[in-house]
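Asks: After the structure tokens below, expect a handful of questions from me.
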Amino acid sequence: MSLTDGEVVELAHELDDAQTSAHAVTGRSGGEDWDVASAYRVQRHLMSRRHSRGERPIGLKLGFTSRAKMRQMGVHEVIVGQLTDAMDVPDGGELDLGGLIHPRVEPEVAFRIARDVDLDDPRTSIATAVDAVAPALEIIDSRYRDFRFSYADVIADNTSAAAFVIGPWTAVRPLDNLAVRMDIGPRTVSVGTTGAILGDPIRGLRLLAEISRRHSIPIRAGDVVLAGAATAAVPLTEGTGGTGGTVTAQVSGLGRVSVRVVPGRNGGGAS
Ligand code: 0L1
Ligand code: MG
Numbered sequence: 001m002s003l004t005d006g007e008v009v010e011l012a013h014e015l016d017d018a019q020t021s022a023h024a025v026t027g028r029s030g031g032e033d034w035d036v037a038s039a040y041r042v043q044r045h046l047m048s049r050r051h052s053r054g055e056r057p058i059g060l061k062l063g064f065t066s067r068a069k070m071r072q073m074g075v076h077e078v079i080v081g082q083l084t085d086a087m088d089v090p091d092g093g094e095l096d097l098g099g100l101i102h103p104r105v106e107p108e109v110a111f112r113i114a115r116d117v118d119l120d121d122p123r124t125s126i127a128t129a130v131d132a133v134a135p136a137l138e139i140i141d142s143r144y145r146d147f148r149f150s151y152a153d154v155i156a157d158n159t160s161a162a163a164f165v166i167g168p169w170t171a172v173r174p175l176d177n178l179a180v181r182m183d184i185g186p187r188t189v190s191v192g193t194t195g196a197i198l199g200d201p202i203r204g205l206r207l208l209a210e211i212s213r214r215h216s217i218p219i220r221a222g223d224v225v226l227a228g229a230a231t232a233a234v235p236l237t238e239g240t241g242g243t244g245g246t247v248t249a250q251v252s253g254l255g256r257v258s259v260r261v262v263p264g265r266n267g268g269g270a271s
């Protein structure tokens with residue numbers, strides 16, 4: 001089912017308000033899915049609203065990149081979201097939980113895109129546009145209550161994107177089997193390998209180009225691309241030590257990236 005322009009605008013405003021007020025909403029599907037093209041239209045409208053408030057687009061992210069997560073959601077395609085400078089937390093900096101609803105953190109790898117990618121040229125290989133890779137952390141924060149959403153819902157919600165941290169950029173190298181570990185404070189909370197990201201994170205770039213072409217999402221020089229999670233996301237709650245500790249991801253051969261989590265200076269906080 002395709003949405004009307006009015007429905008697209010209404011849903012984008014609802015999701016944007018949920019994000020700015022840190023209050024969760026219910027997905028529109030009530031269990032039934034709606035069409036992916038409409039979902040990317042909602043995402044586009046949502047992002048143009050954020051851009052008009054002064055946020056600058058600085059990259060893209062892939063989601064549902066692990067086979068296990070795809071199976072769990074009954075889908076066969078990754079999803080693409082958009083990053084802005086407001087989501088960018090410096091390596092070693094602070095993540096304020098105040099404006100977030102129920103954040104989770106996941107260890108990732110990131111690509112840096114050196115030149116604009118011409119998505120209309122069938123010979124384009126986005127992998128050749130990558131000039132550096134880095135360890136990364138992504139903080140996801142679904143605007144839907146209890147992270148309950150359909151495939152289209154989560155695309156409309158900009159794939160739960162909330163914040164990200166990029167570690168030191170380093171020369172491009174094989175990424176198909178690097179050990180990944182994420183710690184919160186002294187505790188290791190997840191371990192995995194970059195192979196969990198589509199067998200090799202580089203594969204995500206071709207899928208990114210396909211989806212970006214289909215839904216008119218530009219890929220520009222200087223963009224950061226989050227390739228997807230190497231392990232399950234971990235809630236930033238008291239129980240995980242994630243409301244006051246330092247989260248560190250270590251990717252073998254790439255180095256480490258960290259962020260200090262500070263509980264809700266703006267009065268809110270993880271629930
Ligand atoms: O980055 C991701 O893989 C998350 C995609 C959205 C699904 C979720 O919120 O768990
Ligand atoms: Mg992610």
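In this text, residue positions in the sequence shown follow our numbering: the first is 1, and each later residue adds one.
Built from N, CA and C at the ideal position, the CB exists for glycine as well.
1) Give the straight-line distance between the Cα atoms of Gly269 and Pro90, rounded to the nearest whole angstrom.
2) I need the boundaries of the alpha helix (DSSP H) containing Glu10, first residue and last residue.
3) Run the Cβ filter for me: residues under 7 Å from any heavy atom of ligand 2, listed in the order they occur in the chain.
4) Answer yes or no: do Gly228 and Gly54 have a C-beta to C-beta separation smaller than 8 Å?
5) Using a Cβ-based criterion (distance less than 7 Å to any ligand heavy atom), does Val247 qualify as near ligand 1?
6) Which residue comes first and which comes last in the alpha helix (DSSP H) that contains Val138?
7) Measuring only the C-alpha atoms, how far is Arg49 from Leu207?
8) Hey, how far is the Cα of Val124 from the Cα of Asp223?
9) Give the straight-line distance between the Cα atoms of Asp118 and Ser212, rounded to the nearest whole angstrom.
10) Are the segment 244-254 and the segment 78-88 touching, with three or more C-beta to C-beta distances below 8 Å?
11) Output the distance between the C-alpha atoms of Arg220 and Ala232, rounded to the nearest integer angstrom.
12) Quick one: does the C-beta of Thr26 sit closer than 7 Å to a heavy atom of ligand 1?
13) Can you give me the C-alpha to C-alpha distance between Gly267 and Asp88, rounded to a whole angstrom?
14) Could you give the C-beta distance for Ile140 and Ala110, rounded to a whole number, given that I count them as a contact under 8 Å?
15) Spatial neighbours of Asp183 within its chain, please: CB distance less than 6 Å, with the 5 preceding and 5 following residues excluded, ordered by chain position.
16) Give the secondary structure of Ala270 by DSSP, where H, G and I count as helix, E and B as strand, and everything else as coil.
17) Using the Cα positions of Asp200 and Ser2, report the straight-line distance between them to the nearest angstrom.
18) Using the C-alpha atoms, what's the distance from Ile113 back to Gly24?
19) Okay, do the segment 131-139 and the segment 95-110 touch, 3+ Cβ pairs below 8 Å being the bar?
20) Please name the residue in Thr237, Ile217, Gly255 whose C-alpha comes closest to that of Val180.
21) In chain order, what residues of the same chain lie with their CB nearer than 7 Å to the CB of Asp85, ignoring the 5 residues before and after it?
22) Hey, Ile166 and Val257 are a contact pair by Cβ (cut 8 Å); roughly how many whole angstroms apart?
23) Excluding the five sequence neighbours on either side, which residues of its own chain have a C-beta within less than 6 Å of the C-beta of Ala196, listed in chain order?
24) Report the partner residues of Val224 according to the DSSP bridge assignment.
Replies: Put simply:
1) Reliability of the predicted coordinates at Gly269 is poor, the pLDDT of 46 falling under 50, and the value obtained from them is presented with this limitation in mind. Computed Cα separation, rounded: 20 Å.
2) 5-21
3) Lys61, Gly63, Glu106, Glu108, Glu138, Ile140, Leu226, Gly228, Ala229
4) no
5) no
6) Val is not the amino acid found at residue 138; the sequence shown has Glu there. First-last for Glu138: 130-140, but that is the beta strand (DSSP E), not the alpha helix (DSSP H).
7) 26 Å
8) Residue 124 is actually Thr in this sequence, not Val. Roughly 16 Å between the two C-alpha positions.
9) 11 Å
10) no
11) 29 Å
12) no
13) Unreliable placement is indicated for Gly267, whose pLDDT of 47 sits below 50; the coordinate value is still reported in the next sentence. Spanning the two alpha carbons is a distance of roughly 21 Å.
14) Between Ala110 and Ile140 the Cβ distance is about 15 Å, and since that is not below 8 Å, they are no contact.
15) Thr248
16) Since pLDDT at Ala270 reaches only 48, below the 50 mark, its modelled position is unreliable, and the value read off the structure follows with that caveat. Ala270 falls in the coil class under three-state DSSP.
17) 34 Å
18) Inspection of the sequence shows that residue 24 is occupied by Ala rather than by Gly. Rounded to the nearest angstrom, the two C-alpha atoms are 33 Å apart.
19) yes
20) Gly255
21) Glu55, Arg56, Ile58
22) 7 Å
23) Ser66, Ala230
24) Gly59, Arg112
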